[in-house]
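The next block holds one structure in the form of structure tokens; read it before the comments.
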Amino acid sequence: MKKITQTIIVGLILVMSVSQAQAQWRWMRYGDYEKLDTVVSIPKHESNKVYISDDDFYLRIGFFGMEVEVEDRWDWDWDYDSNWRGRRNSNTIEYYEQHDHGTLKGLNLEFGFNNFLKNGDFPSSSDLYQVKPISSNYVGLLWNHTTYVSGPLYLEWGGGFSWYNFKFENAATRLDPNGGQLNFIEDTNANSVLKSKLKVTYIGFQAVPMLDFGRGKRVVRRFMEDDVRVGFSARRGFRIGIGPYVGLRLSNKAKYIYRNDDGRQKDKEKGGFFVNDFRYGLRAQIGINGFDMFMTYDMNELFEEGRGPQLNPITIGVTF
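Numbering (mature numbering (1 follows the signal peptide of the UniProt record, and there is no 0)), first residue to last: -23 to -1, 1 to 297.
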């Protein structure tokens, strides 16, 4: 988990440093809908940036639906007049934007829970590969694109990294790849077993057609205080879709934690468990307003055919 956290932080820094948003929104400012090229919810600036001169300072950082801006002198165009169609007070502005053309880009963080299906059923308590669903976590870091197609139809596509953890219900479970086949065995040598799990890392790509009945609408709220402006955006409406994904395995390892006469021990074994190099499956997504859920199902098995149990990973989670 420490390495996952470090990777996510590095990814965030890189994206915020070099990303150029090319989204196009309809900005509901006056009676006519003024079209602007914008970042995800800043109708004025085109990227994350820092600007410093002798008499001016400007900083903008945007991620996960929140933007923070700092400037010592606000431009006159943010002093809205009586024609403003949104809602505001001295420190708050609220308005709507409509994504009805072009492509939006953004960084998605996903978190979920994993399990296995074998012939359509979850493993039973007698199976050593039965997992703890709540402790078998999934983390995904995806560079997502949302392309407007027509009417309520959008295409969400992109790629990124995903980390799968399968924590076994029986902490004494061990993976034995000897003899040309993967066997799940129970370790009886350790005095006190604490944890047993399998980790698999992928790089992948997905494309999910979505029916967005809110037509890409979202509400933007800005709070201004002195030289700081903070903005939050949240989607509106109901959306649903299903589409394919593919992945390439980057690494896998087993991790065992136990206690013996020498105290707490930790063993790690990398590779050698006949995990398939490729994966493919279907992904379903559903969302309402600012809340999005997903489910993925691998149509091919986790392990090579004839080399291990016939297990198809399934994941349910949320997208941030």
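Note that beta-carbon positions come from the ideal geometry of N, C-alpha and C, so glycine has one too.
ask   = For SER113, which residues from the same chain have a beta carbon less than 7 Å from its beta carbon, with the 5 sequence-adjacent residues on both sides left out?
value = Along the sequence shown, read from residue 1 onward, the residue named residue 113 stands at position 136. Sequence-distant Cβ neighbours of SER113 in its own chain, meaning closer than 7 Å and more than five residues away, are PHE90, ASN91, ASN92, ASN142, PHE143, LYS144.
**OP:** Can you tell me which of the three DSSP states GLY191 falls into?
**Re:** Your numbering for residue 191 matches position 214 in the sequence shown. DSSP places GLY191 in coil when its eight states are reduced to three.
Simplified DSSP assignment, three categories, for GLU281 = Counting from one through the sequence shown, the residue named residue 281 turns up at place 304. Correct three-state label for GLU281: coil.
Name, in chain order, the residues that DSSP records as bridge partners for ALA231. For the purposes of this step, residue 231 is identified with residue 254 of the sequence shown, where counting begins at 1. DSSP, once it has assigned bridges, lists LEU175, GLU246 as partnering ALA231.
- Query: DSSP state of GLY267, grouped into three classes?
  - Reply: As a working note, residue 267 is residue 290 in the sequence shown. The answer is coil: DSSP assigns GLY267 none of H, G, I, E or B.
Output needed for PRO135: all residues of its chain with C-beta closer than 6 Å, excluding positions within five of it in sequence on either side, in chain order. Looking up residue 135 in the sequence shown gives position 158. The sequence as given places Gly at residue 135; Pro does not occur at that position. Cβ neighbours of GLY135 beyond the five flanking positions: LEU119, TRP120, ASN121, HIS122.
(Q) Which of the three DSSP states is assigned to ASN253 in this structure? (A) For this step, residue 253 is matched to residue 276 along the sequence shown. Of the three classes helix, strand and coil, the one that applies to ASN253 here is coil, per DSSP.
Return helix, strand or coil for ILE293, following the three-state DSSP convention.
By one-based count along the sequence shown, residue 293 stands at place 316. Here ILE293 sits in strand by DSSP.
CA-to-CA distance, LYS243 to GLY128, given in whole angstroms: Walking along the sequence shown from the start, residue 128 turns up at place 151. Walking along the sequence shown from the start, residue 243 turns up at place 266. So the alpha carbons of these two residues sit roughly 55 Å apart.
Using beta-carbon positions only, say whether THR150 and LEU105 come within less than 9 Å of one another. Locating residue 150 in the sequence shown gives position 173, counting from the first residue. Locating residue 105 in the sequence shown gives position 128, counting from the first residue. For THR150 and LEU105, yes; Cβs fall inside 9 Å.
Taking the alpha-carbon positions, what's the ARG256 to ARG284 distance?
If you number the sequence shown from 1, residue 256 lands on position 279. If you number the sequence shown from 1, residue 284 lands on position 307. Approximately 16 Å between the Cα atoms of the pair.
Is TYR141 close to the ligand SAM? I mean its beta-carbon at under 8 Å from any heavy atom of the ligand. Judged by which ligands are present, the structure shown has none, so any question about the ligand SAM falls away.
Excluding the five sequence neighbours on either side, which residues of its own chain have a C-beta within less than 8 Å of the C-beta of TYR253, listed in chain order?
Residue numbering aside, residue 253 sits at position 276 when the sequence shown is read from its first letter. Residue identity check: residue 253 is Asn in the sequence provided, not Tyr. These residues qualify, in order along the chain: ARG226, ASN277, GLU278, LEU279, PHE280, GLU281.
Which one or two residues does DSSP pair with ARG216 in a beta bridge?
Here residue 216 corresponds to residue number 239 of the sequence shown, with the count starting at 1. DSSP lists ASP189, GLY264 as partners of ARG216.
- request: Sort SER210, PHE250, SER102, MET270 by Cα distance to LEU175 and report the nearest one.
  value: Start at 1 with the first residue of the sequence shown, and residue 175 comes out as number 198. For the residues SER210, PHE250, SER102, MET270, the minimum Cα distance to LEU175 belongs to PHE250.
*Pull up the distance between the alpha-carbon of ARG212 and that of SER139, whole angstroms please.*
Here residue 212 corresponds to residue number 235 of the sequence shown, with the count starting at 1. Here residue 139 corresponds to residue number 162 of the sequence shown, with the count starting at 1. Looking at the two C-alpha atoms, the distance is approximately 25 Å.
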